[in-house]
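Colleague: Have a look at the structure that comes next, please.
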Amino acid sequence: MPLIRIPKSWEILDPQITSETAFLNRRRFMTNLIGAGVTASLLPLTSCQSSDSSKTALDKSSTQAYSGLTRNSNFAKVDRAITDEALATKYNNFYEYGGTKSIWQAAQALPTENWKVEVAGLVKNPRTYDIDDIYKKFPIEERVYRFRCVEAWAMVVPWVGFPMKLLMADVEPQSNAKFVRFTSFYDKKITPGPGLMSQFYPWPYTEGLRIEEMANDLAFFATGLYGRQLPKQNGAPLREVIPWKYGFKGAKSIVKIEFVEKQPATFWNTVGPNEYAFEANVNPDQPHPRWSQASERVVGPGNSWSWETRPTLPYNGYGEYVASLYR
Ligand SMILES: Nc1nc2c(c(=O)[nH]1)N[C@H]1C(S)=C(S)[C@@H](COP(=O)(O)O)O[C@H]1N2
Ligand SMILES: [Mo]
Numbered sequence: 001m002p003l004i005r006i007p008k009s010w011e012i013l014d015p016q017i018t019s020e021t022a023f024l025n026r027r028r029f030m031t032n033l034i035g036a037g038v039t040a041s042l043l044p045l046t047s048c049q050s051s052d053s054s055k056t057a058l059d060k061s062s063t064q065a066y067s068g069l070t071r072n073s074n075f076a077k078v079d080r081a082i083t084d085e086a087l088a089t090k091y092n093n094f095y096e097y098g099g100t101k102s103i104w105q106a107a108q109a110l111p112t113e114n115w116k117v118e119v120a121g122l123v124k125n126p127r128t129y130d131i132d133d134i135y136k137k138f139p140i141e142e143r144v145y146r147f148r149c150v151e152a153w154a155m156v157v158p159w160v161g162f163p164m165k166l167l168m169a170d171v172e173p174q175s176n177a178k179f180v181r182f183t184s185f186y187d188k189k190i191t192p193g194p195g196l197m198s199q200f201y202p203w204p205y206t207e208g209l210r211i212e213e214m215a216n217d218l219a220f221f222a223t224g225l226y227g228r229q230l231p232k233q234n235g236a237p238l239r240e241v242i243p244w245k246y247g248f249k250g251a252k253s254i255v256k257i258e259f260v261e262k263q264p265a266t267f268w269n270t271v272g273p274n275e276y277a278f279e280a281n282v283n284p285d286q287p288h289p290r291w292s293q294a295s296e297r298v299v300g301p302g303n304s305w306s307w308e309t310r311p312t313l314p315y316n317g318y319g320e321y322v323a324s325l326y327r
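Quick note: our numbering has the sequence shown finishing at residue 327, numbered continuously throughout.
Right, dumping it as structure tokens:
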């Protein structure tokens, strides 16, 4: 690429793995600008990843701690240590606030007061929940889940929240509802996106599941992590957590949930259908077009070249819960 940029040391070691956006959008973006007579060398690169911000002190006072929380013993153990909270809350993907991993400060612009979540479409009881209704209505528990980004890094996060199937039971999908679509908060004045490229993305961020996937025991709405309410950068006040799929399937800061008949268009699948499948189950045998998915790097302290490498597990290790959905 004719782009002027000094790579980070770990990028030299691992050049093929870049963020969700890197190649495809750079190409789309350049096609547009080259058409407009702008030279490629002037273009910014938005996919620079950095974990530098993890060194900044963590301010735990920014969100409230849950009291009387119980950890669901079915989802308490994983094959590796829980990721350091400072890393899970300072190494994020949230493109509404920028194309790097260091968006936690920018994400503080998200206005979470008086949050509402609209549930619409093919349901018997369409309704708009105040976030406080959600907190009161659904029994909150803690679950420790493995978390795998399509970029081949992985964490273990103790989420707080409730199974999606409880919300389904409340709104009662109709029999013709075959899919669900989640929409994230979007407001151009508040969510600038990853620089100049932003205008080419299909905002707002959307994701989707098959109804049977949503009904699975593991499918979770998170309202918190590490025993406290979700920080904004992790998708406050409500996000999806689907531990057997790549991280991009888990839309953050959800404002709308729609039950629909046809597979809905979703954000990354629209941007790059051969790179980001709608199904997106974690699968070591199905490489991303630009890198292998056979192994993953466990996010830890220091630079990513020093992170431990582990084999990727089919369904991210959750096959016993979900493999039957795909037979
Ligand atoms: N609205 C929205 N949701 C999103 C994203 C995003 O950019 N915008 N990024 C996704 C991706 S690619 C990942 S890996 C996870 C990251 O979640 P975390 O920052 O809490 O680790 O959020 C997902 N949900
Ligand atoms: Mo991701």
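Each residue gets a CB set at the ideal place from its N, CA and C atoms; glycine is no exception. Keep in mind that this is a model prediction, so the values were computed, not measured.
Using alpha carbons as the reference points, say which of Gly-195, Trp-153, Glu-141 and Pro-192 lies closest to Gly-224.
Modeller: Glu-141
Colleague: Measuring CB atoms only, is the stretch 204 to 221 touching the stretch 154 to 168, in the sense that at least three cross pairs come out at less than 8 Å?
Modeller: With a cut-off of 8 Å, the stretch 154 to 168 and the stretch 204 to 221 count as touching, because enough Cβ pairs lie within range.
Colleague: Name the two residues that bound the continuous alpha helix (DSSP H) containing Ala-169.
Modeller: 164 to 171
Colleague: Alpha carbons only, please: which of Gln-64, Pro-204, Cys-149 and Leu-110 is nearest the one belonging to Lys-101?
Modeller: Comparing Cα positions, the closest option is Cys-149.
Colleague: Under the DSSP definition of a beta bridge, which residues are partnered with Ser-184?
Modeller: Beta-bridge pairing links Ser-184 to Ile-254.
Colleague: Which runs of the beta strand (DSSP E) spanning at least 3 residues fall entirely within the stretch 202 to 246, listed in chain order?
Modeller: Complete beta strand (DSSP E) runs here, min 3: 206 to 210, 220 to 225 and 239 to 241.
Colleague: For Asp-130, write down the residues that DSSP places opposite it in a beta bridge.
Modeller: Lys-116
Colleague: Cβ atoms of Tyr-95 and Pro-194: under 7 Å apart, would you say?
Modeller: yes
Colleague: Report the rounded CA-to-CA distance for Gly-250 versus Phe-147, giving the unit in angstroms.
Modeller: 10 Å
Colleague: Do Val-180 and Leu-209 have their CB atoms nearer than 7 Å?
Modeller: yes
Colleague: Looking at the unbroken alpha helix (DSSP H) that takes in Thr-270, where does it start and where does it end?
Modeller: 267 to 271
Colleague: Rounded to whole angstroms, what is the Cα-Cα separation between Asn-269 and Trp-153?
Modeller: Their backbone Cα atoms lie some 20 Å apart in a straight line.
Colleague: Tell me Val-123's beta-bridge partners as DSSP assigns them.
Modeller: Pro-173
Colleague: Quick one: is Glu-261 buried, meaning 16 or more other Cβ sit within 10 Å of its Cβ, or exposed?
Modeller: exposed
Colleague: Take Pro-111 and list the residues in its own chain whose beta-carbon comes closer than 6 Å to its own, dropping the five residues that flank it on each side.
Modeller: none
Colleague: Would you give the residue range spanned by the beta strand (DSSP E) that Glu-142 belongs to?
Modeller: Glu-142 -> beta strand (DSSP E) spans 141 to 148.
Colleague: Cβ of Val-299 within 6 Å of any heavy atom in ligand 2?
Modeller: no
Colleague: Please name the residue, chosen from Ser-306, Trp-307, Glu-308 and Gly-300, that lies closest to Val-157 on a Cα-to-Cα basis.
Modeller: Gly-300
Colleague: Between which two residues does the alpha helix (DSSP H) harbouring Val-322 extend?
Modeller: 319 to 322
Colleague: Taking just the CA atoms, how far does Arg-71 sit from Ile-131?
Modeller: 22 Å
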